Every structure is written in structure tokens, then in C-alpha cells.
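Asker: One structure coming up, written as C-alpha cells, with questions to follow.
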Amino acid sequence: MSGLAVLIPIALLMGLCGLGFFFWAMRNDQFEDLEGAALRVLIEDEKEVGDDQEV
Amino acid sequence: MNASVALDDLKTAETSEDSRFAVPTMRCAGCISKIERGLADLPGVIHARVNFSTKQVAVSHTPELTEDKLKGAIGLLGFEAQILADNPLSEDRGDTKRLLRAVAVAGFGMMNIMLLSVSVWSGAIGVTKDLFHWLSALIAIPVIAYSGRPFFASAAMALRYMRTNMDVPISIGIILATGLSLYETATSGPHAYFDGVVMLIFFLLAGRVLDGMMRDRAREGISALLKQTASGAMIIQSDGTTVWTKAGEIEAGMLMQVAAGDNLAADGIIIEGRSGFDFSMLTGESDPQNRSVDDEVLAGTTNLTAPVKVRVTAAGKDTSISDIARLMDEAGQHRSFHVRVADRAARYYAPAVHCLALLAFVGWMLAGVGWHQALLISVAVLIITCPCALGLAVPAAQVVASGALMRKGVLVKDGSALERLAEADRVILDKTGTVTMGHPVPTNLSLLSDDQKSVALALAQSSNHPISKAIAKSLIAKDILPAKIDSVIETAGEGVSANWNSVGVSLTRPQKGGNGSATQLTMGNIAQRITLTDEIRPDAEAVVESLSELGLPASLLSGDSMEAVTPVALQLGVLAQANAKPEDKVDTIKRLSKQGDKVLMVGDGLNDGPALAAAHVSIAPGSASDVGQQAADAVFTSDSLMPVALAVKVARRTMQTVRQNFGLAIGYNILAVPLALSGMVTPLIAAIAMSTSSLIVVGNALRLYGAAK
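If you read the protein sequences in the order shown, they are chains A and B.
Under our numbering, the first residue of the first sequence is numbered 150, with each subsequent residue one higher.
Under our numbering, the first residue of the second sequence is numbered 433, with each subsequent residue one higher.
Below, the structure is given as C-alpha cells:
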């Protein structure tokens, strides 16, 4: 029984965290442009002017 | 992280404006960075963000930077952009998001309550069981209050108008089961149905989310097809400069500068210049008409050949287009009377289920088990019979079917459209732009010599006339390179002339005669006639045939002249009505509807808008006017008409699957209801029965995946 007092709040807390994260993701338009997000990783970061490039 | 922000001036950020542009030619990651970085470098741009899925760019900028300039800037980066008006189809996107949040909450509650329920089922007793029931109640009540709202709201709405829909039995079931479970918990009873209630809400909401996502996806697809240019015009100020003005702000008496290729935003009278105007979207007429000084021109037509100045006589609500919009509103009102199949089923289902639960209660009371036991059994009946199949099976089938259609290039706007499409028993086709491609195609280019071809291409490229465009398009497709010509002169209504190797060459006035149009290519003394026809879409005949095999006889209804309609009607072997104005088209459809026909209208132009709205169900090609695409229930993107027949076939198969799902649901009830009536259903059995039946109907719906093959 005493274990439950710890485990149940932990389970609920973890569930709530997941739910909160999902809500956050929706509010921040994380699902708005799924194709674009997949392509954006391919964009190279802009080099500063005069930055030496490794050959 | 992608260098999309350039804070030039933090003070101006406070008064920024947002503009959106459609950039359909974006293809790769390079395009994203090129546009975002290119725009960010522009002074006055605060932030630019590309949405690749919808092929749009959102720019926030200072008010001094106009939409025109931004469009030009995107053009300089190498992308053709269009200014986006506020998307008329995206209004109710928020609904799906709200439902998605409700599903997430219900899913969270379902998992946690199930965790506790499993331990109760596996034999927790005494204090542990009571504790778990209380914990379940603690989780379930806020979850039900939050996630159940869509059902409660819709049921309350239906009851207020003395009607019933399927949310009424759902809401009653949820409230009764929750109330009873609370009582059970408070009195340390053996059965609490919190898990069942929350699971029910989860499954039903999942069905709604699917329905909403399908609607959003199709609408997004269609709005990507819309030309979406914020309609407006270049207005000439008193000092001679021109300013881009939105259509809503144009007033009678203003002076518009209309470039060749532009659409007119208001009705008016030409005061300078002359040009050909394309009326086909407005009237269905396929031949351009010449207008010069003092002639009237109408909003919604396209200026083809030369720039003109127009004095506005009517703008906004007074223009000729607005009449069509009003006609469309009136014609579309009957649509709301269509009762979706799930609600129709609920009309019989709900009373039957409620009677059964009531009978169970009365029966067990008479049997003398006490009101508590009797109530417990009748709640079990309500939970077991709750219409999962109606709530989940119908949207699941429709979503899978519309996904299959989408892969074939047919965008169906919502589930109700599929239901109505399955019922159609007659099809009416518009001619210009629907049965035909809507633009002329040259038929005898092979007669031209190589020199003639390249000169013709050079001349055609310098003009905006639809015939020139058609000739240029087919010559470019044949890999012809344009010849070098100089001193090009275009005379409105006459043609283009120029010099080539100091020989006078011209592409002149299309002469009428026969079907379609023609133009004359002159090089020195040699003249060559190029004939063009507005080609019938490939396999149009086969489509008409397969539609009539499906039991949908076809007929033509066109605003074009009898001479233009007859050959098409003959080739397709169908009846035709010509010279039909928009109101005539609506009348024809209303007459057929009165006879009991369920008309499928296929059309594209502005003039078809009211007819598309009036028909039982309607489809528009992707090349249709924005009005046509918005009025239609479905849009197909291919050149072929075959998707029309395919859509009808898939819609019918979908309804067949929906009926199968109803059959499965009834079969499940025949098995489960006696158990519930006899008082043998515990929360465990209810949970198993509910999830199994839901999985079975969803599984059956998934068989539609390949339905469009």
C-alpha cells in the first residue's frame, strides 16, 4: 500500500506532463508544417562573411 | 535557427502588418532558405516564415512595404508569388484543434483510469478498491467535464429545437453512468463504470477528429488550388500615380488601370484603349469579345490583349458578380437540410436504446431486485449499446475513402459530400472548361515549316491573347525555339506584327468559321492558317458511358451558343441545353430535383456557381474559378474527367461499408444486449465489448484503402 502512495502520483504526474507537452506543441504550431520541418534540417546554416570554410 | 528574423527597426515592429503569399513553385529545402533569407534581407521585413506543406509564405512587415513590393521581391528571388486573400475555407480549422485537445485529455484519463481498473478487476478488495474507485472518480470527473463538452453542447442544441441526434443518447448514457458510478464509489459498491465512460468518450471523439481532419485536409488542398489573388485593381490617382486598391475599397467613379491578363475587380466603362475580354467564367461563352471606348466591361472578366483605362460604374455589392454570389447563397440553403446518415440512424437507434434501458429498469424493479440493482443494469444496457459504430464507423469509413480518392486527385470536402455523391442518380455537365479543357488547342501545327514554327512562337509569346498563349504552349512543348523578331506591335482585336530578318511577319485576327477559332500566320507573302479547337477532355465519352452504367444519365447545360454546344453533345451522345444563364441553370436543377432526381452537377465557371450550390452534390475541376471550387463538394485535379465516375463509385462503396458497419454494430448488440439485460455485464465485460466492437468497425473501414484503384 505504501508503495502506491508514491507510484500513483508519479504515474499521474508523468501522464500530465505528456498531456501538457502535447498542448504546448499544439499551441506553438508544431504540427502546422510537417513537410517543411522535415526539409529544414537540410538547410545549411548561414556562414558569417569572411568565415573560413573547411575544405 | 534558419536566419528568418531580421529586426531592422524594433520600433516599427509594433506597427507591423502581416501578409501571406502563395508560392506554388517551392520544391525543396533550398527554396525555403532562399525565400526566408532573401525576404529577411529586405528592409522593412520583420519576419518571414515559409509553410512548406501549404506552399505559403507569411511575412510580417512595416506598413510602408506594400504587398505589391513584397510580391515583386519574391519574384526577384525566382519564385512566382500570389498575394493571398483571407482564406474563405479555413474558418473552422479551430474546431478540429479543440476536438484534438479533448481527445488528448480523454486519452490521458482513459489510460490512467484503466490502470486503476485493471487492479480492481484482478481482485483488489476493501480499502484498496475504494481508494482506486475514488482516484478514478477524481480523474474521470474533470476529464468527462472537459472532453464531454462537444457531446453535451450538441445534445443541448438538438433538444432545444425539440430534435434528437446521436449526441442525445450519448450524453444521457455518459451522465447516468457517471452519476451511478459516483454513487457506487461513495457507498463502496462493487462496480464503477468510469473506465467505460471515458473510453466511450475517447472512441467517439476519435471519430469526430477523423471527420474534422479529413475536412481540413481537403480544404487545404482546395485552397492551394485557388488562384486566391486578393482581388483589387490599380487605381489612378488625381496626380497620375497608381495605387493598388482592394476590391472592397473601390468606389464608383474611380479610374482603374487594367493591364493585359488582369481580372477586372469592378464593373465599368472603358475610357481609353481597346481590348479583347474573356467572358467565359461569367457566361460560359468560349470566344473572347472585343470592347473599346464607351463599351461596358464587367467584373469577373479577364482583359486579354491590351491595357485599358476603365471608369468604375459599380463596385462591391453592386457588380454583376455579386448577383451570382447572391444567387449562390439562395441556392445553397437547402444543403443544410441534408441529414447525415449517422444522424438518420440515430433517429431510430436512440429511442430504441432508451426504451430498452427503461424496460430493463422496470422489468428488474418488478422482479424485485431493488431500485439500485435495477438502475445498475439499465446503465449497463446504455453503456453497452452506446453508438460507437455510429460515431466511429461512419467517419472512419469516410476518411479512408476520401484518402483513397485524394491519392487519385479528387479532394472531397466532407463526409456529407460522399453520402450525397452515393445517392446521385443524374449528372449535368457544363461544357466550357468542364467537358472541354476550357482553353483552345492548335490542331494543325504539323503543317508549319520550322521557320514558321519559330516565328509563330516568337509572335505568340509577345501576346496575352488566349489563342497566342495556346499556340506558344504547344510549340514550347515541341521544343521549338523562338525566332529573333523586332519592332513588335500588338493591335487589340487585330493581332501581333513584327519584323523578322527584315520580313514583315504577323499573327492576325482569328477568323470565325467552323468550330472553334483560327488565326493567320503571315510571313512576307505567305499566309498559313492555324486552326484551334477547345478540346474535349480525354476520355470524356468513356466517362459519360461509365456514368450511365452506374445509373447516372448525363446531359449538357451550357451558357455557350448552340453552334458551340451541338458538336460536343453529338460527340458525347447526350442531350444538351445551350444559352443557359446562371439562373436558368439553377432552374433546370430545381426542376429536376422536384421530379425527385438527385442531381450531380459538374461545372467550373462563375456562372456555374449557383448551379453547383443548388445541386444535390457537385464536383468542379481544379482549373475552375475560385467561386466554382468553393461551391463544389469535391474538386478533381486531373485533365481527365474519369475522377467524376471514380468518385461516384468510391462513394457508393463507402456507403456499402458504412451499412456493413451498421450491420456489425447491430450484430454486436444482439449478442451483448441480452447479457446486459440479464445483469451479467460488469465494467470489465463492458470495456472488452466496447473496444472490440470499435476495432472491428475501424478494421472494416480500412478495407476501403484501395477503393479508388
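Think of the CB as a built atom: it goes at the ideal place given N, C-alpha and C, for glycine as much as any other residue.
All of these numbers come straight from a predicted model, not from anything done at the bench.
Assuming the contact rule is C-beta atoms closer than 8 Å, GLY815 of chain B and TYR625 of chain B should be a hit. Round their C-beta distance to whole Å, please.
Answerer: Here residue 815 of chain B refers to the residue found at position 383 when the second sequence is read from its first residue. Here residue 625 of chain B refers to the residue found at position 193 when the second sequence is read from its first residue. The residue you asked about is not Gly; residue 815 of chain B is Ile in the sequence shown. That pair is a contact at about 6 Å.
Asker: Flag this pair as touching only if the segment 885-905 of chain B and the segment 922-941 of chain B have three or more C-beta atom pairs under 8 Å; answer yes or no.
Answerer: At 8 Å Cβ cutoff, the stretches touch.
Asker: Which same chain residues end up closer than 7 Å to PRO495 of chain B when comparing Cβ atoms and leaving out the 5 residues on each side of it in sequence?
Answerer: Position 63 of the second sequence, counted from the first residue, corresponds to residue 495 of chain B. Counting only Cβ-Cβ distances below 7 Å, and skipping sequence neighbours, we find THR447 and GLU449.
Asker: How would you list, in chain order, the residues of chain B whose beta-carbon sits under 7 Å from the beta-carbon of ILE157 of chain A?
Answerer: Counting from one through the first sequence, the residue named residue 157 of chain A turns up at place 8. Under the 7 Å cutoff, chain B gives LEU567.
Asker: Taking the alpha carbon of GLY476 of chain B as the point to measure from, which residue in B:SER485, B:VAL491, B:CYS463 and B:THR486 has its own alpha carbon closest?
Answerer: Residue 476 of chain B sits at position 44 when you count from the first residue of the second sequence. The shortest Cα separation from GLY476 of chain B among B:SER485, B:VAL491, B:CYS463 and B:THR486 belongs to B:VAL491.
Asker: If I measure Cβ to Cβ from GLY946 of chain B and keep anything under 6 Å in the same chain, skipping five residues before and after, which residues do I get?
Answerer: As a position in the second sequence, residue 946 of chain B is number 514, starting the count at 1. For GLY946 of chain B, the predicted model reports a pLDDT of 46, less than 50, meaning its position is unreliable and no value from the coordinates is stated.
Asker: Determine the burial state of MET1112 of chain B: buried for a count of at least 16 other Cβ atoms within 10 Å of its Cβ, exposed for fewer.
Answerer: Residue 1112 of chain B sits at position 680 when you count from the first residue of the second sequence. So MET1112 of chain B counts as exposed.
Asker: Chain B partners of LEU168 of chain A, CB-CB under 7 Å?
Answerer: Here residue 168 of chain A refers to the residue found at position 19 when the first sequence is read from its first residue. Per Cβ cutoff of 7 Å: ALA536, VAL537 and PHE540.
Asker: Please report the residue range of the beta strand (DSSP E) in which LEU612 of chain B lies.
Answerer: Walking along the second sequence from the start, residue 612 of chain B turns up at place 180. Looking at the DSSP string, LEU612 of chain B is not in any beta strand (DSSP E); the run it does join, the alpha helix (DSSP H), is 599-618.
Asker: Output the distance between the C-alpha atoms of ALA792 of chain B and ILE571 of chain B, rounded to the nearest integer angstrom.
Answerer: Counted from its first residue, the second sequence places residue 792 of chain B at position 360. Counted from its first residue, the second sequence places residue 571 of chain B at position 139. So the alpha carbons of these two residues sit roughly 30 Å apart.
Asker: Can the beta-carbon of GLY841 of chain B be found closer than 8 Å to that of PRO1075 of chain B?
Answerer: As a working note, residue 841 of chain B is residue 409 in the second sequence. As a working note, residue 1075 of chain B is residue 643 in the second sequence. Taking 8 Å as the Cβ cut-off, GLY841 of chain B and PRO1075 of chain B qualify as a contacting pair.
Asker: If you count every other CB in all the chains shown that lies within 10 Å of the CB of PRO1053 of chain B, and 16 or more means buried, which is it?
Answerer: Mapped onto the second sequence, residue 1053 of chain B falls at position 621. Answer is buried; the Cβ neighbour count reaches 16.
Asker: Given a cut-off of 8 Å, decide if ILE958 of chain B and LEU877 of chain B are closer than it, judged by their beta-carbon atoms.
Answerer: Translated into the one-based positions of the second sequence, residue 877 of chain B becomes position 445. Translated into the one-based positions of the second sequence, residue 958 of chain B becomes position 526. Contact flag unset, no.
Asker: Would CYS787 of chain B count as contacting chain A if we go by Cβ distances under 8 Å?
Answerer: Stepping through the second sequence from its first residue, residue 787 of chain B is reached at position 355. For CYS787 of chain B, the answer is no, since every Cβ of chain A falls outside 8 Å of its Cβ.
Asker: Say whether the segment 540-553 of chain B touches the segment 478-491 of chain B, bearing in mind that this needs 3 or more beta-carbon pairs closer than 8 Å, one atom from each stretch.
Answerer: Judged by Cβ distances under 8 Å, the segment 540-553 of chain B makes no contact with the segment 478-491 of chain B, as fewer than three pairs qualify.
Asker: Let's test the definition: count the other Cβ atoms within 10 Å of the Cβ of ILE1098 of chain B and tell me whether it reaches 16, buried, or not, exposed.
Answerer: Looking up residue 1098 of chain B in the second sequence gives position 666. ILE1098 of chain B comes out exposed.
Asker: What residues in the segment 474-487 of chain B bring their beta carbon closer than 8 Å to a beta carbon of chain A?
Answerer: Here the close residues are VAL482, ASN483, PHE484, SER485 and THR486.
Asker: Please decide whether LEU188 of chain A counts as near chain B, where near means a Cβ-Cβ distance under 8 Å.
Answerer: Here residue 188 of chain A is taken as the residue at index 39 of the first sequence, counted from 1. Closer than 8 Å: yes.
Asker: By the criterion of Cβ-Cβ separation under 7 Å, what are the contact partners of LYS529 of chain B in chain A?
Answerer: Counting from one through the second sequence, the residue named residue 529 of chain B turns up at place 97. Residues of chain A passing the Cβ test: MET175.
Asker: When the Cβ atoms of the segment 721-738 of chain B are set against those of the segment 880-894 of chain B, are three or more pairs found closer than 8 Å?
Answerer: No contact exists between the segment 721-738 of chain B and the segment 880-894 of chain B.
Asker: Is there a Cβ from chain A that is less than 8 Å from the Cβ of ILE962 of chain B?
Answerer: As a position in the second sequence, residue 962 of chain B is number 530, starting the count at 1. No, no contact with chain A.
Asker: Taking the DSSP output, what are the residues bridged to ARG858 of chain B?
Answerer: Numbered from its first residue, the second sequence carries residue 858 of chain B at position 426. In DSSP, ARG858 of chain B forms a bridge with B:VAL1031.
Asker: At the level of alpha carbons, what is the spacing between SER919 of chain B and ARG706 of chain B?
Answerer: Start at 1 with the first residue of the second sequence, and residue 919 of chain B comes out as number 487. Start at 1 with the first residue of the second sequence, and residue 706 of chain B comes out as number 274. Cα to Cα, the separation comes out at about 20 Å.
Asker: Should PHE180 of chain A go down as buried or exposed, given a rule of 16 or more other Cβ atoms within 10 Å for buried?
Answerer: Position 31 of the first sequence, counted from the start, is the residue given in the question as residue 180 of chain A. PHE180 of chain A comes out exposed.
Asker: What residues match up with LYS741 of chain B in a beta bridge as DSSP calls it?
Answerer: Here the question's residue 741 of chain B lines up with position 309 in the second sequence. Note: LYS741 of chain B sits in a beta bridge opposite B:GLN689 and B:GLU704.
Asker: Please identify, using Cβ separations under 7 Å, the residues of the segment 618-639 of chain B that lie next to chain A, in order along the chain.
Answerer: Within the segment 618-639 of chain B, no residue has a Cβ that lies closer than 7 Å to any Cβ of chain A.
Asker: Determine whether the beta carbon atoms of ILE633 of chain B and SER579 of chain B lie at a separation below 8 Å.
Answerer: On the second sequence, residue 633 of chain B is found 201 positions in, with the first residue counted as 1. On the second sequence, residue 579 of chain B is found 147 positions in, with the first residue counted as 1. Yes. Within cutoff.
Asker: Considering Cα atoms alone, identify which of B:VAL690, B:ALA1010, B:ARG779 and B:GLY1060 is closest to LYS741 of chain B.
Answerer: Walking along the second sequence from the start, residue 741 of chain B turns up at place 309. It is B:VAL690.
Asker: Which chain A residues sit within Cβ distance under 8 Å of LEU471 of chain B?
Answerer: Here residue 471 of chain B refers to the residue found at position 39 of the second sequence. What LEU471 of chain B touches in chain A: nothing, since even the nearest Cβ is about 14 Å away.
Asker: Mapping the DSSP letters down to three states, classify LYS466 of chain B as helix, strand or coil.
Answerer: As a first step, residue 466 of chain B is located in the second sequence; it is residue number 34 there, counting from the start. Helix, per DSSP.
Asker: Look at the alpha carbon of THR610 of chain B and the alpha carbon of ALA747 of chain B, and state the distance between them as a whole number of angstroms.
Answerer: Taking the second sequence and counting its residues from 1, the one referred to as residue 610 of chain B is at position 178. Taking the second sequence and counting its residues from 1, the one referred to as residue 747 of chain B is at position 315. Their backbone Cα atoms lie some 58 Å apart in a straight line.
Asker: If I'm right that ASP966 of chain B touches MET869 of chain B with Cβ under 8 Å, what's the distance once you round it to whole angstroms?
Answerer: Here residue 966 of chain B is taken as the residue at index 534 of the second sequence, counted from 1. Here residue 869 of chain B is taken as the residue at index 437 of the second sequence, counted from 1. Indeed, because the Cβ distance is near 7 Å, the residues count as touching under 8 Å.
Asker: Looking at C-alpha atoms only, which residue of B:GLY693, B:GLY802, B:MET688 and B:ALA684 is the closest neighbour of THR674 of chain B?
Answerer: For the purposes of this step, residue 674 of chain B is taken as residue 242 along the second sequence, with counting starting at 1. Residue B:MET688 is the option with its Cα nearest to THR674 of chain B.
Asker: Quick one: which unbroken beta strand (DSSP E) runs of 3-plus residues sit fully inside the segment 479-531 of chain B? Chain order, please.
Answerer: Complete beta strand (DSSP E) runs here, min 3: 488-493.
Asker: Are any of the Cβ atoms in chain B nearer than 8 Å to that of VAL191 of chain A?
Answerer: By one-based count along the first sequence, residue 191 of chain A stands at place 42. Per the sequence shown, the amino acid found at residue 191 of chain A is Leu instead of Val. Closer than 8 Å to some Cβ of chain B, the Cβ of LEU191 of chain A qualifies, so yes.
Asker: Since ALA1083 of chain B is in the alpha helix (DSSP H), which residue starts that stretch and which ends it?
Answerer: Taking the second sequence and counting its residues from 1, one reaches residue 1083 of chain B at position 651. Start and end: 1074-1109.
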